[in-house]
Amino acid sequence: MHQKTVQEISDHVGGRIIGDAAVVIESAATLDSAGPGQVTFLSNPKYAPRVQTTQATAVLVSKKVETNACQIIVEDPYYAFMQAVVLLHGHRQHPQTGISKQASVAGSAKIGKNCNIHAFAVVSENTVIGDNCHIYPGVFVGPHVTIGDDCVLYPNAVIYDGCRIGHRVIVQSNASVGQDGFGFATHKGEHHKIPQIGIVILEDDVEIGAGCVVERGTLDNTLIGKGSKLGDSVAIGHGTKIGPHCLLVPQAGVAGSAELGHHCVLGGQVGVVGHIKVGNMVKVGAKAGVINDVPDGATIVGTPAIDANKARRAYALIETLPEIRQKLRALDKQVQRLAGDQET
Amino acid sequence: MHQKTVQEISDHVGGRIIGDAAVVIESAATLDSAGPGQVTFLSNPKYAPRVQTTQATAVLVSKKVETNACQIIVEDPYYAFMQAVVLLHGHRQHPQTGISKQASVAGSAKIGKNCNIHAFAVVSENTVIGDNCHIYPGVFVGPHVTIGDDCVLYPNAVIYDGCRIGHRVIVQSNASVGQDGFGFATHKGEHHKIPQIGIVILEDDVEIGAGCVVERGTLDNTLIGKGSKLGDSVAIGHGTKIGPHCLLVPQAGVAGSAELGHHCVLGGQVGVVGHIKVGNMVKVGAKAGVINDVPDGATIVGTPAIDANKARRAYALIETLPEIRQKLRALDKQVQRLAGDQET
Amino acid sequence: MHQKTVQEISDHVGGRIIGDAAVVIESAATLDSAGPGQVTFLSNPKYAPRVQTTQATAVLVSKKVETNACQIIVEDPYYAFMQAVVLLHGHRQHPQTGISKQASVAGSAKIGKNCNIHAFAVVSENTVIGDNCHIYPGVFVGPHVTIGDDCVLYPNAVIYDGCRIGHRVIVQSNASVGQDGFGFATHKGEHHKIPQIGIVILEDDVEIGAGCVVERGTLDNTLIGKGSKLGDSVAIGHGTKIGPHCLLVPQAGVAGSAELGHHCVLGGQVGVVGHIKVGNMVKVGAKAGVINDVPDGATIVGTPAIDANKARRAYALIETLPEIRQKLRALDKQVQRLAGDQET
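Chains as they are written, first to last, in our numbering: chain F, 1 to 344; chain R, 1001 to 1344; chain E, 2001 to 2344.
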């Protein structure tokens, strides 16, 4: 941790100060828990009342508010807060091990400058690894893999043969990238493996969460576009294309040969069936099941997933089904009585 | 396996015998499969008829039943059965390897008495590990981690830097504890990682299933309370608090900053959205999607999750929707005819 | 890659050629992306129009079609295509490392002929491994495990003590087989582990996807039947029996003591509750929740899962619930008016 004055933080995030610029900040905290010596932020207007009562020394806000805390006015308080957290706490410092004698690095592997390859990591034949990479213990990098600069592969991550990884890519622990796609030709009741000759491409700035499983393509490649982030335990099918700058929340799954555009957000446990096209900037609510193509900009929820406004009203009415049925029966009885009366 | 007489088992579980106390039991089995030389149990009254026909030599029951088997009467037959299984079969015996020369243990790490640290396990700088721990091959224990006594970390489990683990904690294979939370500040279409400076705390007697993914907190810590058990492939978000003595069945997920009280049970594939409060002793049916705060003691099912009694009737009626619509149309037609007749 | 003539491919798959048998094929591709020098296939009749315009040099079809490509007529084009992909591209070539000096192989382990046991793999006491097996880095094979011939365990796969694996079994990276089942006896608010003394049996030709979690049985064994294939991140409960030749798509889960017959297909994210029987040749649509026994041959979808034809109509009507309710109210109002009129 690095102490900073409000002035230093404000300068760092490009803000404007209301209050004492010289006061010292030691750490960052959430609005609810922040106390003296801490900086916090207000992003969601519904929490504005909490800023009035916060014990934080400083708060990042988008406009002047009622509060005793020192205010730093910025355009995007959440982004500024991220910058402040980096300034005060920094990103994880990786151990400097160099290339450990307990690692297994193939003779034909090309390793860039300033890499740390830890004990019990394996770098296979004909791999190419860029500069400043961190390969943690238990990582397996298969043959013919290419990895760019400034990547971090956390413990026990596995990259299968031939996959291509860009710059500044992070793969968290126990994730698998490039295992065989789930592809079998069923003949006379037996399932025969189709060689999966495609690879996985992770473009620059991708992050793959812990326990993720990203299948290689059968014939075409599987692609995770630039800047996209996969939460933990996300499953990606063979030949699937995830566009740039998507966010896939933990336990989401996208089946084979599906395509997502750019800036899509899939909530937790969402499922997308194979061979469909999800447009750009689509938002899918947690646990939804997407079974059809989705137009650009749509927000959908439910299983099957439909327009969110429609769905929120509709799915909430499921619990009224017993009443609906009862009402329908009562009405039917009444109508039959009326009809009988009228006939007579 | 250790042979025991019915008397010895009964003494061990604090029971009362009806039948021959001297007969020998060799192993434990389920009610359906138990045969001669085996002990079984009756917990769910609906299986009572099977006790009459069981081939088991002995059966643990809560009250006298009709059966040829020797009966051991106990208050809680399932708990007594667990004790009998331990008595007859024991828990897993861990290999005694000491600290393997093929392990990588940092000079600054403090290791308690009687620990087994296997080949290819990594214990990083400034970790503290208590007595009688088993660290299996491929485990990674990050810097500044603290682990209590009598813990077992199974192969390829990963504990990230700074996490704190209590006594008697079990982490199954390929589980990840303390990886970065899914936290990004999106600015001008790009997602920027927020340093995740919180840790994960696993309190005493916690078990983490194989393939689980437990994120570290962004600013606050992620907490798994004393005695809680996570099944396989459970995902826990950053800053989430799971109270003590909860059971989370495999593939359940709890998003960031959600809170569960004590003694909650989440069924398989349940999803809990972020930032909500689930009370104490709440039961959530398999596959449910919990999107709102839940009061103490509630039992809920479905997506969105609602009161179980209501939900079971309501969700089962979804399949009648075609009939409901048809009936409604027929009724409408009839009413319009009636209205027309009345007018004339 | 191995170049082949159309004649050679046709001979290999038992086909009949329409066109130039001497033309050379270099690789296989999908119908959409195939170009000159490539072979593709038509399996789903709805894509027939694309065969007319394909740039592929050859196409595997079940009957003569309109196309400029050379045609190879076969009974089962998808199966023939699989054979052609194997002929042209082959299955993955595994590195020949022999038994690495950096592996840890117990003295009492019996290793068959021609095995490759990579660096940092662990083979524990009293294991038996057949011929021609590939044990990749970071794999843990526990004590008393038996593995047949021609198996492949990919990096960081974990096989717990005592499990039995047949011939030609593949376990992908970071999968766990045989960890403790989720079995606890709850007594006075605390959950006590029941020793899980069953094992996991993987029969011949089984494949276990990356990140899968297959629990050992409590008392009975967990079984994955001959030829069954589990996609990535599939969870199998303790004592569960999966019949032969099943396909479980990624992120599916089957709870403890459930039974599946032969040739079942579970879609992605399907959940099957414990202690139920799913018949033979049952198909379960993606994301379905199966809560009751299922008869042979059924196709079911939805949560709760019901007959697919019924379900597709019913679940699609959820979005009309607001209209249904509105219509019902309007009708009710009208009927009450009619009833009032009639009374007067």
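All C-beta atoms, glycine included, are put in the ideal place defined by N, C-alpha and C.
Everything numeric in this text was worked out from a predicted model, so none of it was measured.
- Gln1172 (chain R) reaches chain E at Ser2176, Gln2179 and Asp2180, counting residues in chain order whose Cβ is nearer than 8 Å.
- Within a 10 Å sphere around the beta-carbon of Ser2124 (chain E) sit 16 or more other beta-carbons, which makes this residue buried.
- With a threshold of 16 other beta carbon atoms within 10 Å, Thr1053 (chain R) falls short and is exposed.
- In the DSSP assignment, the residues bridged to Val2141 (chain E) are E:Val2123 and E:Ile2159.
- From the beta-carbon of Val1335 (chain R), the residues of chain F found nearer than 7 Å are Val335.
- Apart from sequence neighbours up to five positions away, the residues of its chain that approach Arg1016 (chain R) with a beta-carbon distance below 6 Å are Ile1073, ordered along the chain.
- Close to chain F, meaning a Cβ-Cβ distance shorter than 8 Å, are the following residues of the segment 1292-1319 of chain R: Gly1302, Thr1303, Pro1304, Ile1306, Lys1310, Ala1311, Arg1313, Ala1314, Tyr1315, Leu1317 and Ile1318.
- For Asp1032 (chain R), the nearest beta carbon of chain F is not closer than 8 Å to its own beta carbon.
- Per DSSP, Val61 (chain F) is one residue of the beta strand (DSSP E) stretching across Ala58 to Val61.
- Here DSSP, grouped into helix, strand and coil, assigns Ala2339 (chain E) to helix.
- Closest in alpha carbon position to His1118 (chain R), among R:Asn1126, R:Val1141 and R:Gly1107, is R:Val1141.
- The Cβ of Tyr1160 (chain R) sits no closer than 8 Å to any Cβ of chain E.
- Remark: C-beta atoms of Gly1138 (chain R) and Asn1156 (chain R) approach each other more closely than 8 Å.
- A residue is called buried once 16 or more other Cβ atoms fall within 10 Å of its Cβ, and Pro1143 (chain R) is buried on that count.
- Between the beta-carbon of Lys1327 (chain R) and that of Leu328 (chain F) there is about 6 Å, and that keeps the pair under the 8 Å contact cut.
- Counting only unbroken stretches of 4 or more residues, the alpha helix (DSSP H) elements lying wholly within the segment 1064-1104 of chain R are 1077-1089, in sequence order.
- Leaving aside the five residues that flank Asp2180 (chain E) on each side, the residues in its chain whose CB is nearer than 6 Å to its CB run, in chain order, Gln2196.
- Short of 8 Å from the beta carbon of His1263 (chain R), and not among the five residues preceding or following it, lie these beta carbons of its own chain, in chain order: Gly1243, Pro1244, His1245, Cys1246, Asn1280 and Met1281.
- Taking Leu1031 (chain R) as reference, the option from R:His1002, R:Lys1229 and R:Ala1069 with the minimal CA-CA separation is R:Ala1069.
- In this structure Val2200 (chain E) touches Val2177 (chain E) by the C-beta definition: roughly 5 Å separates them, less than 8 Å.
- Chain E places no beta carbon closer than 8 Å to that of Gly1274 (chain R), leaving this residue out of the contacts.
- For Phe140 (chain F), no Cβ of chain R is located within less than 8 Å of the residue's own Cβ.
- Closest by C-alpha distance to Pro1295 (chain R), out of R:Lys1283, R:Ala1288, R:Gly1302 and R:Thr1303, is R:Lys1283.
- Separation of Met82 (chain F) and Ala1185 (chain R) (C-alpha to C-alpha, rounded to the nearest whole angstrom) is 6 Å.
- Taking one beta carbon from each stretch, the segment 1248-1255 of chain R and the segment 1221-1240 of chain R have 3 or more pairs nearer than 8 Å; the two touch.
- In its chain, beyond the 5 residues on either side, Pro2077 and Tyr2078 have a beta carbon closer than 7 Å to the beta carbon of Ser2043 (chain E).
- Interface annotation, Val1169 (chain R): not in contact with chain F, CB-CB separation never under 8 Å.
- Contact between the segment 2006-2020 of chain E and the segment 1010-1024 of chain R is absent: fewer than three C-beta pairs spanning the two stretches fall below 8 Å.
- Between Ala2308 (chain E) and Pro304 (chain F), the CB-CB gap reaches or exceeds 8 Å.
- Residues of chain R whose Cβ lies closer than 8 Å to the Cβ of Tyr136 (chain F) are, in chain order, Phe1140.
- At least one beta carbon of chain R lies nearer than 8 Å to the beta carbon of Leu328 (chain F).
- Using a 10 angstroms sphere on the CB of His1002 (chain R), the tally of other CB atoms stays under 16, which defines it as exposed.
- Using a CB distance cut-off of 8 Å, Tyr2078 (chain E) counts as an interface residue toward chain F.
- A Cβ-Cβ separation of about 15 Å leaves Lys1110 (chain R) out of contact with Val1122 (chain R) under the 8 Å criterion.
- Bounds of the beta strand (DSSP E) holding Lys2193 (chain E) are Glu2190 to Lys2193.
- Measuring C-alpha to C-alpha distances from Ala210 (chain F) to each of R:Ala1235, R:Asp1204, R:Val1206 and R:Lys1188 identifies R:Ala1235 as the nearest.
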